[in-house]
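**Q** One structure, as structure tokens, below. Some questions next.
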Amino acid sequence: MIHQRGMNSQDPPPPIISSARLLAFVVIPDTQPYTGRICLLVDGKRLERVPCLAICRNYRQPDDILLLFCDEDWNSLGCIGVASVEDGQLQAERDYPGLQSHWVDSPYDDPAVARYLRDELGVDPASEWWAFRCSFCLAECEGMAISQGNATICRRCINHFHASIHELDD
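Under my numbering, think of the first position of the sequence shown as 10, with each following residue one higher.
In structure tokens:
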């Protein structure tokens with residue numbers, strides 16, 4: 010997942026949050042009522058009130074629309090799948106009644122998103138930069154994989170390298 014740090018929730022969010030393209034967002038006013046009706050568990054703990062919400066389209070699965078629960082720097086703390094932008098706004102109303110009028114459409118057009126990907130994230134906008142690929146065989150990782158820093162290794166390569174190393178022991 011891609012995170013952008015050091016921003017202030019008073020600024021608009023970046024055009025990409027957690028490998029998903031921003032469609033709409035809201036900075037939740039401090040005075041906004043909070044019901045806690047959405048039960049979203051993150052690492053086994055219930056996610057409580059957040060300062061920001063974003064509705065985004067998942068790059069990896071373009072039919073997936075996500076309601077992201079974000080911190081003040083627009084880092085995603087958790088998400089739920091929704092059917093559309095409108096559905097995401099309705100779902101948010103469950104936790105934050107009266108929030109509907111505060112939503113803002115994304116200010117980013119396609120060229121602005123491409124510039125952000127190129128200039129801020131250092132990726133080619135025409136590539137599948139969001140794909141979870143093994144750094145060794147370049148196959149898309151399905152199932153178990155291990156990532157450290159900028160490298161990812163898939164289970165098949167782990168098994169291959171493990172066998173190769175142990176062949177040297179003989």
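Beta carbons: idealized from backbone N, C-alpha and C, even for Gly.
At 3 residues or longer, and completely inside the region 114 to 163: list those beta strand (DSSP E) runs for me, N to C.
**A** 154 to 157, 160 to 163
**Q** Using three-state DSSP, classify S93 as helix, strand or coil.
**A** coil
**Q** In angstroms with no decimal places, state the Cα-to-Cα distance between R191 and W112.
**A** The question about residue 191 has no answer here: the residues shown for the chain are numbered 10 through 179.
**Q** Using a 10 Å radius around the Cβ and a threshold of 16 neighbouring Cβ atoms, would you call Y43 buried or exposed?
**A** exposed
**Q** In or out: G97 buried (at least 16 other Cβ within 10 Å) or exposed?
**A** buried
**Q** For Q70, tell me which candidate among V91, C79, W83 has the shortest Cα-Cα distance.
**A** Ranking the options by Cα distance to Q70, first place goes to V91.
**Q** Where does S85 fall in DSSP's three states?
**A** strand
**Q** Give me the Cα-Cα distance between V132 and A63, rounded to the nearest whole angstrom.
**A** 22 Å
**Q** Among residues of its own chain, excluding the 5 on either side of V122, which ones have a beta-carbon nearer than 6 Å to its beta-carbon?
**A** For V122, where only same-chain residues beyond five positions count, the Cβ hits under 6 Å are P24.
**Q** Which residues does DSSP pair with F78 in a beta bridge?
**A** Beta-bridge pairing by DSSP links F78 to L62, G87.
**Q** Ignore the nearest five residues each way along the sequence and tell me which others in C65's own chain have a CB closer than 7 Å to its CB.
**A** I26, A29, R30, L31, L32, L75, L77
**Q** Could you name the residues of the same chain whose beta carbon sits closer than 7 Å to that of R46, not counting the 5 residues immediately before and after it, in chain order?
**A** R103, D104
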